[in-house]
Amino acid sequence: IEVADEKVLENASEKEKEKAKEKEGEGILKSLKEEEFIITLEIQGEMLDSVELAEKMQSLFVNGYSHIQFVIGGSLGLSKSVIKKGNLHLSFSKMTFPHQLMRVLLLEQIYRGFRIIHGEPYHK
58 IEVADEKVLE NASEKEKEKA KEKEGEGILK SLKEEEFIIT LEIQGEMLDS VELAEKMQSL
118 FVNGYSHIQF VIGGSLGLSK SVIKKGNLHL SFSKMTFPHQ LMRVLLLEQI YRGFRIIHGE
178 PYHK
């Protein structure tokens, strides 16, 4: 799913930015389903290497989760309500990346994770 970024002026106050994040968060929360395992991507999240992420994915599948939802925030990040809904808070780095680039990085790591799960070669 994709939720459009809320438009916020460059000189917006913190309160206005928080309000925009909450509005984006409402759209995200509407799209999440109870049976999904929710992984939020956050700077403050847990850092895993590729093998650890693959092991986590495999563990989720073994434990009955057939749907994993990865949530990437917009330019302002994720709302508190979305973060609270997350089952796992994952970080790729302490650096900030554009959310469009995070899609590519995440997709590559999911692909790599499935290769690891299936015992196929992957580049270290």
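Each residue of the sequence shown is one higher than the one before, counting from 58 in my numbering. Here a beta-carbon is modelled for each residue, glycine too, at the ideal position from N, C-alpha and C.
Next on the checklist: Determine whether the beta carbon atoms of I95 and Q115 lie at a separation below 8 Å.
Outcome noted: The Cβ-Cβ distance between I95 and Q115 does not fall below 8 Å.
Item to check | Short Cβ contact (8 Å threshold) for G170 with A111 | outcome: yes
Checklist entry - What's the C-alpha gap between I85 and G134? => result 12 Å
Next on the checklist: At a cut-off of 7 Å, would you count A61 as near the ligand HEM, judging by its Cβ distance to the nearest heavy atom?
Outcome noted: In the structure on display, the ligand HEM does not appear, and there are no ligands present to speak of.
Next on the checklist: Could you compute how far the alpha carbon of R172 sits from the alpha carbon of E165?
Outcome noted: Cα-Cα distance, rounded: 11 Å.
Checklist entry - Count the other CB atoms within 10 Å of the CB of I174; is the residue buried (16 or more) or exposed (fewer)? => result I174 counts as exposed, since fewer than 16 other C-beta atoms from the protein chains shown sit within 10 angstroms of its C-beta.
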